[in-house]
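Each position in the sequence shown, counted from 1, maps to that position plus 7 in the numbering used here.
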Amino acid sequence: MVVGNDVGPDTTYTNTVVAAYETIDGSDQRILTTNSGNASFTTLSNDLAISKSVTPDNVKPDGTITYTIEFTHTGFTANNIVLTDTLPAEITVQNIDNSGDVIINNTVSNATIEVFEIFQMTSGQTGIITLTAQLDNNLSGGAFFTNGVVITSTEADVDTANNGASDTGVTVSNVAPVFAPIGNQIIAETNTLTFTASATDNNGDTLTYSLSGEPSGASIDSGSGLFSWTPTNAQGPGVYTFTVIASDTAPLTDSEEIVVTVTDLDIDYNVDVDPTSLIEGNTGTQPFIFTITRSGAINFASQVDYSFDGTSTATEDYTVPTGPVSFTSGEISQTVTANVLGDWIVEPDKTLILMLFDGTAPSVGLVSYTTQSITSTIVNDDSAGINVISSTVPLIITEPAETAAFTLTLTSQPTATVSIDTTSTDPSECAVSTSSVELDSGNWQTGVEVMVTAEDDDLTDGTQSCHIITAPASSSDSSYDRLDSADVAVNVLDDDIPGVRVSPVRSDTNEVGDTASFTMQLQTQPIEPVTVTLQSSDLSEG
8 MVVGNDVGPD TTYTNTVVAA YETIDGSDQR ILTTNSGNAS FTTLSNDLAI
58 SKSVTPDNVK PDGTITYTIE FTHTGFTANN IVLTDTLPAE ITVQNIDNSG
108 DVIINNTVSN ATIEVFEIFQ MTSGQTGIIT LTAQLDNNLS GGAFFTNGVV
158 ITSTEADVDT ANNGASDTGV TVSNVAPVFA PIGNQIIAET NTLTFTASAT
208 DNNGDTLTYS LSGEPSGASI DSGSGLFSWT PTNAQGPGVY TFTVIASDTA
258 PLTDSEEIVV TVTDLDIDYN VDVDPTSLIE GNTGTQPFIF TITRSGAINF
308 ASQVDYSFDG TSTATEDYTV PTGPVSFTSG EISQTVTANV LGDWIVEPDK
358 TLILMLFDGT APSVGLVSYT TQSITSTIVN DDSAGINVIS STVPLIITEP
408 AETAAFTLTL TSQPTATVSI DTTSTDPSEC AVSTSSVELD SGNWQTGVEV
458 MVTAEDDDLT DGTQSCHIIT APASSSDSSY DRLDSADVAV NVLDDDIPGV
508 RVSPVRSDTN EVGDTASFTM QLQTQPIEPV TVTLQSSDLS EG
């Protein structure tokens, strides 16, 4: 049965149907049987419906939104369906997805409109179109926009009230500006630091720039964002932390914390010494190492001069290179070595003082000295003394004229001639070869040899003691003047043997009264009269 176009919608129609059929019974008689019944149907509305939604409904500029368009059909088959979506100027469609029961063709797509065509929809079919779009930049905060979509068909649509739909609308969020990174900065004192702060604002608001916690003298142009600061000499060295702020008209802000390191153009010099004292020694050299350090603007080259002072004397007590000391960029310390000269001279301890002067610093930097001078001490290790050196103590010599020697030396090098007088306490027993000995810088170590000679006599006096007196020294060297030394003890061995010598030991005489004589003589000189008793061994003969 075909329902005509003139049949109204939503109308129920009833029709009676009669059915007849024949049967043959057992006697071959035809029997006609009839049945009847009613049939009814209801005509449907021909209706296309559409809805549109958007999420989210509050979006920042450059954000993403999703439109969902859903359309349905009831009634007779609809042909040549066209769906037209008018786009708001504030968005750009990024992607389109289709789903549902029908085939959807996107026939027109541009910045202002999207057109979709569906060839045919039967009753109960549904289609869904999903558009993903991105908001433009520079949209003012609080701006609101919405858009609508319309669906049409070549078939008569009984209810056109739902053939169009609009979303609930999108509100543009007000967003804070976004800073372009500035980064931490380094600047030398008295130099000018500049940078330009910049930020973007997706709402297109006019931005203003300001500072918080900035150091004295720092400023920023509120419109251009140009920052400027010239740290003073007193502000360096130092580390300064402050905040650069960008504000929109809301006002919303973004900020960046900046750390500015102010390097020092000033240089401070310091000197130290190791060791602080040295025993000079007798030969060779001993080093004093002076360490000169600097702090402050060490990333610049600089130099400092030095000199030596004190009670010590250059070339006599020490040798040292001359200044100045130069530092390359980044160099912190330099050393100066003063070599102490060893000697044998008796002298007081002496000072050696290094003095810093004429230090330099870059540009307008200032020069200072933590320690401008340092004192070291040269310790004397020499002493004045007179050595008496002999092979035996005491010296032993024998009459009549044996000799022995002793040597006089000094324990240190004199600065002037040292004279020592020598005398014998008993010239009759021993004699000294010289009455005076002179020692100087040339012979003080090897010394002067003095000979002692035994004096002969005829006395039987046994071993006699004799001393060589060394008088206190005489010298313009105060260390040796009037310095006394040990005397020299001498033993003189006696070579005399006491006895009586008779000569001749035999004589002849006659009985007639002739005489004979002999001489008696002592072998050594007596210290008292000597009596010799004479006696004849035969008085009858003479």
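Note that CB positions come from ideal geometry on N, CA and C, so glycine has one too.
Task: Coil, strand or helix - residue 127 by DSSP - done: DSSP places residue 127 in strand when its eight states are reduced to three.
Task: Other residues of its chain near residue 111: CB distance less than 7 Å, five sequence neighbours each side excluded - done: 105, 123, 125, 134 and 136
Open item on the list: With DSSP as the reference, identify every bridge partner of residue 495, one or two as the case may be.
Closed with: 475
Task: Whole-angstrom distance between residue 338 and residue 424, CA atom to CA atom - done: 53 Å
Open item on the list: According to DSSP, simplified to helix, strand and coil, what is residue 379?
Closed with: coil
Open item on the list: Residues in the same chain with beta-carbon distance under 8 Å from residue 229, minus the five sequence neighbours each way, listed in chain order, please.
Closed with: 215, 216 and 217
- [ ] Measuring alpha carbon to alpha carbon, tell me which of 395, 381, 391 and 179 ends up nearest residue 63.
- [x] Among 395, 381, 391 and 179, the Cα nearest to that of residue 63 belongs to 179.
Task: Option in 113, 69 and 170 with minimal Cα separation from residue 144 - done: 69
Task: Residue from 405, 491, 118 and 419 with nearest C-alpha to residue 101 - done: 118
TODO: Taking residue 260 as the reference, give the member of 405, 266, 225 and 210 with the closest Cα.
DONE: 210
Task: Selected residue, minimal CA-CA separation from residue 277, among 283, 290, 284 and 298 - done: 298
- [ ] Quick one: grab the DSSP three-state call for residue 542.
- [x] coil
TODO: Check residue 391 in the structure and name its three-state DSSP category.
DONE: coil
Task: Three-pair Cβ contact test at 8 Å for the region 473–492 versus the region 425–435 - done: yes
- [ ] Could you tell me how far apart the beta carbons of residue 416 and residue 396 are, in whole angstroms, since I believe they sit closer than 8 Å?
- [x] 7 Å
Task: Straight-line gap, residue 177 to residue 129 (C-alpha atoms, nearest Å) - done: So the alpha carbons of these two residues sit roughly 34 Å apart.
Open item on the list: By the DSSP assignment, the beta strand (DSSP E) with residue 488 in it spans what residues?
Closed with: Per DSSP, residue 488 belongs to no beta strand (DSSP E) and is neither H nor E.
Open item on the list: Going by the DSSP bridge assignment, what does residue 236 pair with across the sheet?
Closed with: 200
Task: Beta-carbon gap between residue 280 and residue 263 smaller than 8 Å - done: no
Open item on the list: Excluding the 5 residues flanking residue 385 on each side, which residues of the same chain have their C-beta closer than 8 Å to its C-beta?
Closed with: 284, 285, 287, 319, 324, 325, 347, 356, 357, 358 and 359
Task: 6 Å Cβ shell around residue 486 - same chain, five flanking residues per side excluded - done: 353 and 391
Open item on the list: residue 502 and residue 405 - do their beta-carbons sit closer together than 8 Å?
Closed with: yes
- [ ] Determine contact between the region 367–382 and the region 292–309, defined as no fewer than three beta-carbon pairs at a distance below 8 Å.
- [x] The answer is yes - the region 292–309 touches the region 367–382, with three or more Cβ pairs under 8 Å.
Open item on the list: Can you give me the C-alpha to C-alpha distance between residue 447 and residue 492, rounded to a whole angstrom?
Closed with: 16 Å
TODO: Below 8 Å CB to CB, which residues in the same chain sit around residue 173 once its five sequence neighbours on both sides are set aside?
DONE: Setting aside the 5 residues that flank it on each side, residue 173 is surrounded in the same chain by 59, 153, 154, 155 and 156, each with a C-beta closer than 8 Å to its C-beta; the list follows chain order.
TODO: Could you please give the first and the last residue of the uninterrupted beta strand (DSSP E) stretch that includes residue 71?
DONE: 71–81
Open item on the list: If you measure between the beta carbons of residue 343 and residue 331, is that distance less than 8 Å?
Closed with: no
- [ ] Locate the beta strand (DSSP E) running through residue 254, then write down its first and last residues.
- [x] In this chain, the beta strand (DSSP E) harbouring residue 254 covers 245–254.
Task: CA-to-CA distance, residue 160 to residue 96, given in whole angstroms - done: 27 Å
Task: Through-space distance from residue 456 to residue 418, alpha-carbon basis - done: A straight line joining the alpha-carbon of residue 418 with that of residue 456 spans about 16 Å.
- [ ] Within its chain, find whatever has a CB closer than 8 Å to the CB of residue 442; leave out the 5 residues flanking it on each side and keep chain order.
- [x] So the list reads 428, 429 and 430, once near-sequence residues are dropped.
Task: Per DSSP, cross-strand counterpart(s) of residue 56 - done: 79
Open item on the list: Quick check on the DSSP output: the beta strand (DSSP E) that includes residue 219 runs from which residue to which?
Closed with: 215–219
Open item on the list: Among the candidates 399, 349, 489 and 273, whose CA atom is the shortest distance from the CA of residue 387?
Closed with: With respect to the C-alpha of residue 387, the residue from 399, 349, 489 and 273 having the closest C-alpha is 349.
Task: Own chain, CB closer than 8 Å to residue 529, minus 5 neighbours either side, in chain order - done: 505, 506, 507, 508 and 537
Open item on the list: So, for residue 149: in the same chain, excluding its five sequence neighbours on each side, which residues have a beta-carbon less than 8 Å away from its beta-carbon?
Closed with: 178, 179 and 181
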